[in-house]
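In what follows, a structure is listed as structure tokens, so that the remarks can point back to it.
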Ligand code: ATP
Ligand code: MG
Ligand code: MG
Ligand code: MG
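In our numbering, the protein residues as written are 140 to 607.
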């Protein structure tokens, strides 16, 4: 059985041997892309190379890229703890061709790695192609010898990737692993595709067109962008049916069990998983310079941290615990990501302070939430006023409240939540105006509001999507 660290090296060595430059992961905060909240795919650092705006001394590359999919357009936060395959932070293994090899070689490289080097049985594998992509269909047949029923044509945008409204785009092909009978879920394209049985492990994007204002044209030199979730391939290779059962997560969950003192049994395992996931996301974000705040990236970090703290509290933790788990994470991932080692003191201190400040109101907020939810039945709606009080007085982000209510099948009246928020803003303004401080009114509020608005654009105008 190979551990996560070994699988990562095997992947990078394989592509290195096959003429790829092994490039380090870029930071989670994209360097020159203010429209993107967090790096969410391997291609993000190569965006300008694909469009030709930037030249590199190599035309093939391979990476293990740190990714966060929370808070932006790709938001998997609500999946964590509910599916076997989603994390907020994960590593995307990828190989890239910048106008070098194309479809045939990309399929050959992927198929050889998973069936020869990783030894996956062909009988467990199936692929999807974009419905119009006859080339890909024929190539999978030729190279992998897959039968027609194992090559599913998908007509939706799931199998057509685009960088934005204009720019490079093309069909993609996803490789799925069948975790076997007895696990709920159906093959890609079926109504039960979103279950835990057939898991997408690798996405190959064939960039062959360019969307221009006047229409779509063929790219003179098509490119390749692929992405494989390290945790998902590790689950397969370690014979586990859930990402959270791989060696790396088991080590983190063991630490969580030890520090909190509650076993990861059927009742508690989901909370331990969320804690392990959010520990990784929080720590890597802090290591890349994000600090908890009320806006933009810092706000997403704060929401992730607080969700983890709620789960620690559900497990009965009476004191801050997240900060005590940092050494376990550094032990598991510090060798591959030295920034984690360098930032360990900052991560620990940031978690500890955030936990300390939220802890004061967390218990009381949860009591209020419990009392209010107790008055409601299955399928009912919590008033926006209560959700706002939880936010304003107890520091509960809306999504935390929603997550807490999900198990009881209760939703929040978001419209009245927003109205309560609006009323609060008006009141705050009025209080300032009443103080006669005209300068504040004229200068500070516009700045404050426009600065907030600018950061907020990060959610709305996100364009680069990485692999689809
Ligand atoms: P899914 O359909 O399972 O949500 P996706 O199609 O959104 O996956 P891609 O954008 O194609 O994912 O990303 C490439 C690969 O990265 C996926 O094939 C998967 O292995 C991995 N991946 C994507 N999202 C996550 C996540 N939230 N956690 C862990 N791995 C992920
Ligand atoms: Mg997804
Ligand atoms: Mg998918
Ligand atoms: Mg995909």
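Where a beta carbon is used, it is the ideal one built from N, C-alpha and C, also for glycine.
Values in this document were obtained by computation on a predicted structure and should not be read as measured data.
Closest residue to residue i among the options (Cα-Cα distance)
| i | options | result |
| --- | --- | --- |
| residue 204 | 215, 189, 166, 196 | 166 |
| residue 472 | 261, 489, 386, 262 | 386 |
| residue 305 | 252, 406, 350 | 350 |
| residue 466 | 264, 158, 391 | 391 |
| residue 281 | 257, 535, 250, 307 | 250 |
| residue 228 | 320, 427, 518, 462 | 427 |
| residue 496 | 535, 315, 181, 175 | 535 |
| residue 418 | 171, 300, 354, 226 | 226 |
| residue 557 | 541, 537, 213 | 537 |
| residue 270 | 293, 216, 259, 431 | 293 |
| residue 141 | 289, 185, 376, 244 | 376 |
| residue 297 | 562, 211, 311, 288 | 311 |
| residue 416 | 515, 384, 431 | 384 |
Distance between beta carbons of residue j and residue i, contact taken as under 8 Å
| i | j | result |
| --- | --- | --- |
| residue 334 | residue 324 | 2 Å |
| residue 550 | residue 525 | Not confirmed; about 12 Å, so no contact. |
| residue 479 | residue 469 | 6 Å |
| residue 147 | residue 179 | About 19 Å; that fails the 8 Å criterion. |
| residue 370 | residue 341 | About 13 Å separates the two Cβ atoms, so there is no contact after all. |
Residues that DSSP places opposite residue i in a beta bridge
| i | result |
| --- | --- |
| residue 348 | 308, 357 |
| residue 499 | DSSP, once it has assigned bridges, lists no residue as partnering residue 499. |
| residue 201 | 161, 234 |
Local Cβ density within 10 Å of residue i, reported as buried at 16 or more and exposed below that
| i | result |
| --- | --- |
| residue 242 | buried |
| residue 360 | exposed |
| residue 295 | exposed |
| residue 425 | buried |
| residue 262 | exposed |
| residue 374 | buried |
| residue 511 | buried |
| residue 564 | exposed |
| residue 463 | buried |
| residue 441 | buried |
| residue 601 | With a pLDDT of 38 at residue 601, under the threshold of 50, the modelled position of this residue cannot be trusted; read the value that follows with caution. Residue 601 should be labelled buried. |
| residue 150 | buried |
| residue 493 | buried |
| residue 553 | exposed |
Near ligand 5: residue i beta-carbon under 7 Å from a heavy atom
| i | result |
| --- | --- |
| residue 273 | Looking at this structure, you won't find ligand 5 anywhere; what it does contain is ligand 1, ligand 2, ligand 3 and ligand 4. |
Residues near residue i by beta carbon distance below 7 Å, same chain, minus five either side
| i | result |
| --- | --- |
| residue 193 | 187 |
| residue 153 | 252, 256 |
| residue 555 | 522, 523, 524 |
Close beta carbons around residue i, own chain, < 8 Å, minus the five adjacent residues each side
| i | result |
| --- | --- |
| residue 505 | 449, 452, 543 |
| residue 413 | 219, 220, 446, 447, 450 |
Beta-carbon contacts of residue i that lie in its chain and below 6 Å, excluding the five residues immediately before and after
| i | result |
| --- | --- |
| residue 199 | 158, 159, 236, 239 |
| residue 315 | 265, 327, 337, 339 |
| residue 669 | Beyond the ends of the chain as shown, which are 140 and 607, falls residue 669; an answer cannot be given. |
| residue 381 | 223 |
| residue 279 | 266, 285, 290 |
| residue 517 | 548 |
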